[in-house]
Every structure is written in C-alpha cells, then in structure tokens.
Amino acid sequence: MDNYVKVAVRIKPLTSSEKEEEAAVHWKTKASSYIYPVADPSNIYTFSHAFTEKDDNEVIYSKFCSPVVQSAVKGFNGAIIAYGQVSSGKTFTMMGDDDIKIEGIIHFSVYDLFKLIENNFDRIYFIRIACLEIHKGKISRDLLCDSNEFLPIQEKNDRINRPLLTRYTVQEPQDVFNFIKEAQKKRETKSTLKTENSSGSSLVIDLLIESGPMKVEEENEAELSHLLFLDPTENSDFQPNEIVSISNKRQKLLMQPKEVARYLANNKGKSQFIIPQDTPILEIYENILGGNFVTAIICTISPTNLHETYAYLEIATLARSIQNKPVSTRIISNNVQLVRYVNQLAQLIRKMQVISNKK
Numbered sequence: 001m002d003n004y005v006k007v008a009v010r011i012k013p014l015t016s017s018e019k020e021e022e023a024a025v026h027w028k029t030k031a032s033s034y035i036y037p038v039a040d041p042s043n044i045y046t047f048s049h050a051f052t053e054k055d056d057n058e059v060i061y062s063k064f065c066s067p068v069v070q071s072a073v074k075g076f077n078g079a080i081i082a083y084g085q086v087s088s089g090k091t092f093t094m095m096g097d098d099d100i101k102i103e104g105i106i107h108f109s110v111y112d113l114f115k116l117i118e119n120n121f122d123r124i125y126f127i128r129i130a131c132l133e134i135h136k137g138k139i140s141r142d143l144l145c146d147s148n149e150f151l152p153i154q155e156k157n158d159r160i161n162r163p164l165l166t167r168y169t170v171q172e173p174q175d176v177f178n179f180i181k182e183a184q185k186k187r188e189t190k191s192t193l194k195t196e197n198s199s200g201s202s203l204v205i206d207l208l209i210e211s212g213p214m215k216v217e218e219e220n221e222a223e224l225s226h227l228l229f230l231d232p233t234e235n236s237d238f239q240p241n242e243i244v245s246i247s248n249k250r251q252k253l254l255m256q257p258k259e260v261a262r263y264l265a266n267n268k269g270k271s272q273f274i275i276p277q278d279t280p281i282l283e284i285y286e287n288i289l290g291g292n293f294v295t296a297i298i299c300t301i302s303p304t305n306l307h308e309t310y311a312y313l314e315i316a317t318l319a320r321s322i323q324n325k326p327v328s329t330r331i332i333s334n335n336v337q338l339v340r341y342v343n344q345l346a347q348l349i350r351k352m353q354v355i356s357n358k359k
C-alpha cells in the first residue's frame with residue numbers, strides 16, 4: 001500500500017458569465033496527472049490525477065476515491081476531502097446537486113461501500129453514521145442529536161474530554177442519504193461577501209464500520225474503521241490541512257494550511273494516536289494527515305484565477321508529500337457493538353442446542 005496522502009486537482013467549468021466575458025483561462029491539464037499555467041508551460045504540478053471540466057463525479061470517484069472505500073471495508077480508516085477556492089465546486093464534488101439530479105462523491109462512495117459489503121460472504125458488517133458541524137471555532141454541533149447546543153469541550157487533568165457523537169445504524173445507502181439530509185437542515189447558513197449563500201460551517205460525515213467473521217466463535221474479533229467525508233467551506237474553521245493540535249491538548253490551535261502541511265511533511269507524518277471505537281471526531285483530524293488514515297484530497301480550482309490557484313496548488317503539493325501509516329484496527333472486546341451482537345447470537349445458539357438435546 002502506498003501510504004502517501006493522495007491528492008487530485010479538479011478544474012471547474014467556466015461559468016456562463018465567464019464565457020460571455022471571454023475570461024482568460026490561466027490553467028490547463030496534461031496527460032491526466034499534470035496541471036500547468038498557460039503562461040509558463042514548463043512550470044508543471046504533478047498529482048495523482050488532474051481532472052478537467054469534462055470529468056464528472058462518478059469518473060473522479062472511480063479513478064481516484066474508490067481505493068479509500070475499499071480500504072475502509074478492510075478495516076483501515078479512510079478520509080475523502082474536498083478542498084479549494086471560493087465557488088470552485090467543493091460541495092458540488094462531494095454532495096452533487098439535487099436540483100439537476102447529479103450525485104456526488106459521497107453518493108458513489110456509499111453505493112460502493114454497501115456493494116463491497118454485500119459481496120463479502122466471509123464477514124458480517126455493522127455500520128453507524130454520525131454527522132458533525134464545525135462552526136465559528138467550535139467543534140461543534142452534533143447534527144443528528146435532538147439538541148441544537150454546541151458540543152461542550154471540557155478540560156480536566158491535562159486531558160480534553162468530549163461527549164460521544166450520536167450514531168445511528170444504517171442498513172442501506174438511502175439510510176445514509178436520509179441522515180445526511182437531516183444533518184444539512186441543521187447547518188447554519190449565512191451570506192458572505194464572496195458567495196451569496198455560503199455556509200460558514202464544515203460538514204463532517206463519519207461512517208463507523210465494524211465487521212467480524214461470519215462464523216460464530218466463543219471470542220470474536222472485530223475490525224473497526226472510520227470512513228470520513230469532509231466538505232469544508234471557504235470560510236470554515238477546518239480545511240484539510242488546518243489541523244487541531246493534539247500534541248498540546250490544553251490548546252486548541254488552528255495553524256495556517258501551508259504551515260501545517262509543511263510541518264507534517266518535514267516530520268514525515270509522525271503521529272502517536274491510534275483511533276479506538278468512538279474516538280471524539282476532533283482527535284481523528286490529526287490522523288487524516290500524518291496518521292493512520294488512507295487519505296484522498298480533491299483540490300478544486302478555478303482556471304480563471306491565476307495567483308490564488310498558485311497558492312492552492314502549492315498547498316496541495318505539500319499535502320501529497322505527507323506520509324500516513326494506515327493500520328487495520330482489530331479489537332476483541334464486548335464494548336464493540338458488533339461483537340456484543342455476535343456473542344449474544346452465539347449464546348442463543350448454544351441455548352437452542354441445549355434445548356434440542358434435552359428433547
């Protein structure tokens with residue numbers, strides 16, 4: 001497994017107004033992996049993929065994101081993140097557009113997840129969803145909880161304690177989509193100077209995947225993995241390389257994207273954290289870049305913006321030099337939901353056998 005963070009770029013199509021104004025196109029792609037400024041073709045940026053305006057969300061999923069989902073089914077933590085300029089298509093890439101019936105990366109990921117699970121006859125799976133909002137520096141609103149209060153963060157004995165997120169079991173793709181819609185309704189939306197209807201929050205969707213062997217044993221081992229989808233907005237408090245510092249848990253330090261990416265790259269993605277079941281979502285962030293995740297970042301850019309696109313491509317280049325250390329998490333514990341159910345099933349089978357033998 002190649003453990004480096006995977007980064008792809010996606011050039012958004014020109015808008016109607018840009019076409020009418022014959023806006024200058026400053027960036028072009030080459031050979032599916034390269035992007036370069038038109039004014040300086042020798043200044044080439046190389047990524048895992050360079051998608052054009054002709055590539056739809058399904059193509060991007062199949063060519064770039066699908067290995068993350070496949071790894072999650074095998075017990076490795078995975079994250080798919082959209083990242084980019086204002087109005088460059090981040091949310092469209094992740095969520096699609098219901099009005100024109102276009103599905104996003106999340107839809108294709110969920111379809112593939114359940115398909116892979118259905119085709120694995122050796123293991124049983126148990127999936128639960130949580131949705132979280134990050135807003136105004138607070139880590140933040142549990143979007144599937146009845147309460148609208150922000151999640152409290154308490155400090156005690158040099159440790160930060162956070163409540164566990166509300167999780168619901170999902171049995172098919174539509175269950176996931178329904179919970180996401182419910183979560184979206186709770187998100188705070190406000191006007192900004194740059195976009196008329198831009199949310200100032202980030203949406204985090206966390207699928208907790210538990211699996212165990214189909215054969216019931218006395219002591220069953222479960223695999224646990226998180227599959228995260230992050231849809232950060234341009235004004236949000238989280239971008240894929242704006243990471244909350246966990247090394248000093250008494251501070252909630254958000255560093256600048258470029259500084260964080262360079263720091264993690266220089267430190268070869270060192271991370272001391274292993275994610276147990278239901279780890280509070282904040283602590284998972286550090287593992288997305290430089291931790292135990294399989295991570296894919298889609299950097300969306302505007303072809304008509306020269307200088308800002310340069311900046312985002314530099315950050316994306318730094319991110320792809322970060323090395324993760326994915327580790328499959330295996331747990332033997334009655335605290336794991338799936339293990340509890342399997343053990344209850346084993347007890348029931350034994351009782352039925354006893355009753356049958358008495359007859």
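Mapping of the sequence shown onto full-length UniProt numbering: position 26 corresponds to residue 26, and the numbering continues sequentially without gaps. Note that beta-carbon positions come from the ideal geometry of N, C-alpha and C, so glycine has one too.
Fully contained in the stretch 17–72 are the following beta strand (DSSP E) runs of length 3 or more, in chain order: 27–30, 34–37 and 49–51. Judged by their CB atoms, I288 and I81 are nearer to each other than the 9 Å cut-off. With respect to H49, K63 sits close: the two C-beta atoms are nearer than 9 Å. For N178, the enclosing alpha helix (DSSP H) covers residues P173 to K186.
In the assembly as shown, H226 is a buried residue. Its beta-carbon has 16 or more other beta-carbons within 10 Å. By the criterion of at least three beta-carbon pairs nearer than 8 Å, the stretch 65–73 is not in contact with the stretch 165–177.
Put simply, of T52, V38 and F47 the residue whose alpha carbon is nearest the alpha carbon of L14 is T52. Take H26, set aside five residues on each side of it, and the residues of its chain with a beta-carbon closer than 8 Å to its own are P37, V38, A39, P303, T304, N305, L306 and T309, in chain order. Excluding five sequence positions before and after S66, the CB atoms of its chain that fall closer than 7 Å to its own CB belong to D112, given in chain order. Going by C-alpha positions, R141 is about 12 Å away from I205. When secondary structure is reduced to three states using DSSP, F293 falls in the strand class. The straight-line gap separating the alpha-carbon atoms of I35 and I124 is approximately 43 Å. With a beta-carbon spacing of about 7 Å, I102 and N57 fall inside the 8 Å limit used to define contacts. Its chain contains N77, G78, A79, N287, N324 and P326 as the residues whose beta carbon lies nearer than 7 Å to that of F293, once the 5 sequence neighbours on both sides are disregarded; these appear in chain order.
Excluding five sequence positions before and after G96, the CB atoms of its chain that fall closer than 7 Å to its own CB belong to N57, I102, E103, G104 and H107, given in chain order.
Q174 sits exposed, since fewer than 16 C-beta atoms from the chains shown fall within 10 Å of its C-beta. Separation of Y312 and L318 (C-alpha to C-alpha, rounded to the nearest whole angstrom) is 10 Å.
Under the DSSP assignment, L313 falls in the alpha helix (DSSP H) whose first and last residues are L306 to A319. Boundaries around Y111 are those of the alpha helix (DSSP H), I105 to E118, since no beta strand (DSSP E) includes it. Judged by DSSP in its simplified three-state form, S356 adopts helix.
Beta bridge pairing from DSSP links P213 with R123. For F229, the three-state secondary structure derived from DSSP is strand.
Separation of K115 and F179 (C-alpha to C-alpha, rounded to the nearest whole angstrom) is 19 Å.
Per DSSP, reduced to three states, the secondary structure at N287 is helical.
Minimum Cα-Cα distance from N119 among the listed residues C145, D98 and K74 corresponds to K74. When secondary structure is reduced to three states using DSSP, I100 falls in the helix class.
In the DSSP assignment, K6 falls within the beta strand (DSSP E) that extends over K6 to I11. For T91, the enclosing alpha helix (DSSP H) has its first and last residue at K90 to M95.
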